[in-house]
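As structure tokens, the structure follows; a few thoughts come after it.
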Amino acid sequence: MPELPEVEIVRRGLEPVLAGQTFVRVELKRPDLRFPLPKGFARRLVGQRVMSLGRRAKYLLARLSGGDVLIMHLGMTGRFTVAHPLPTHRITSVADTNRSARGGGVRAGEFAYEAGADQKHDHVVFRMSNGAVITYNDPRRFGFMLLVPEPRLEAHPLFKGLGAEPLGNELTGAYLALRAAGRRSDIKTFLMDQRIVAGLGNIYVCEALFRAGLSPGRKASSLAGKGGTATERAGRLVHAIRAVLGDAIAAGGSTLRDYRRADGSLGEFQHSFSVYSRAGMPCLRRGCRGIVRRAIHGARSTFFCPVCQR
DNA sequence: CGCATCCCCTGCCTGC
DNA sequence: TGCAGGCAGGGGATGC
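Taking this note's numbering, I'd label the letters of the first sequence as residues 497 to 806.
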């Protein structure tokens, strides 16, 4: 679920409680995530201080005082929840599911559940030196955590082949044109490939293609043609990618089912989808009479307006 | 290398 | 009410 905007929002939520703090205790309730947690995971974390919390593509990167980087990926359903030691600061993602505990209704600032009280699918719990309790919950367990020595991060198989960071300077029309040359896949699959643009997922690729007016079934190589039209298309696409990611971040990400910010609140960008999950509904572009269609590209659902997107 | 297919896992929704 | 089937924000492994 989490694509770049969601991961970035989680990063911003965790940073204030993680950065500068030391791991006091690490509990592994269920170490078999997408990959098994590394041997000695908890022991290697305890005592280390988090120097910074960054993001690359859809990965969260906690740089640790001991020289390792803690890599965290949320998969499809991963969620971090922060609970603070002070009742008035307690924040949780499950306030709406646990109201009966207090006789109905949880008011702002109240406890919604005890820190450490097991929720289903809680897998990892970090207890930090500031008292913060950070719980990783992931029903499908497609997420994972790794520890890699910082000098080896860039060469790590997960990172070595990553493409341009979409909000960075590397992503330009010229870059897309270069990478698209000779590709026979469709443009939707091309953009989903993390080796090309790192951090886009199904939602934002659909939305970006809509904003750029490009059909998802169009050949990726049509971004690389020699004429001015290909260059213009690639530039328009880069602009659309940046705009949709920026809008999504500003809205706190998109909540379909599982995604929550670290403070438990929902994202809001799902209310601004133009095409994603809107099959059969009218295109929202003013004056367009198209009906949003669903198609399959690279085994994933694609949503698009056949009138606007060519 | 590029590309397609299948798989990992749980939960939710739909239709019968 | 139950049950089968399809689908879901990600990405790795395999085979051609």
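Using N, Cα and C, we set each Cβ at its ideal position, and we do this for glycine too.
- Nearest Cα to L710 within the set I699, S548, P501 and V803: V803.
- Scanning the segment 525–566 for uninterrupted beta strand (DSSP E) segments of 3 residues or longer gives 546–552 and 555–560, listed from N- to C-terminal end.
- DSSP places A628 in no alpha helix (DSSP H); its state is neither H nor E.
- Put simply, of I787, G783 and D759 the residue whose alpha carbon is nearest the alpha carbon of V629 is D759.
- Shortest Cα-Cα distance from T631 to any of L570, A791, G786 and A704 involves L570.
- A Cβ-Cβ distance of about 20 angstroms is found for the pair P662 and F800, leaving them out of contact under the 8 angstroms criterion.
- Looking only at R530, A553, Q517 and R507, the smallest Cα-Cα distance to D689 is reached by A553.
- For R789, the uninterrupted beta strand (DSSP E) segment begins and ends at R789 to H793.
- Annotation: R806 is outside any alpha helix (DSSP H) and is labelled neither H nor E by DSSP.
- E764 has its alpha-carbon roughly 10 angstroms from the corresponding atom of L752.
- Under a 10 Å Cβ-count criterion, F531 is classified as exposed, with fewer than 16 other Cβ atoms of the shown protein chains found around its own Cβ.
- Per DSSP, S750 has no beta bridge partner at all.
- Nearest in C-alpha terms to S561, of all of T518, S768 and M568, is T518.
- The Cβ atoms of F686 and R680 do not sit closer than 7 angstroms to each other.
- M641 is positioned such that its CB atom lies closer than 7 angstroms to that of L533.
- With fewer than three CB-CB distances shorter than 8 angstroms, the segment 650–660 does not count as touching the segment 538–551.
- Per DSSP, T518 is not a residue of any alpha helix (DSSP H), being assigned neither H nor E.
- Separation of S797 and E703 (C-alpha to C-alpha, rounded to the nearest whole angstrom) is 13 angstroms.
- Shortest Cα-Cα distance from L541 to any of K525, L529 and D564 involves D564.
- A677 counts as exposed, since fewer than 16 other C-beta atoms from the protein chains shown sit within 10 angstroms of its C-beta.
- DSSP places M688 inside the alpha helix (DSSP H), whose first and last residues are I683 to M688.
- Per DSSP, the unbroken beta strand (DSSP E) holding F640 starts and ends at F640 to P645.
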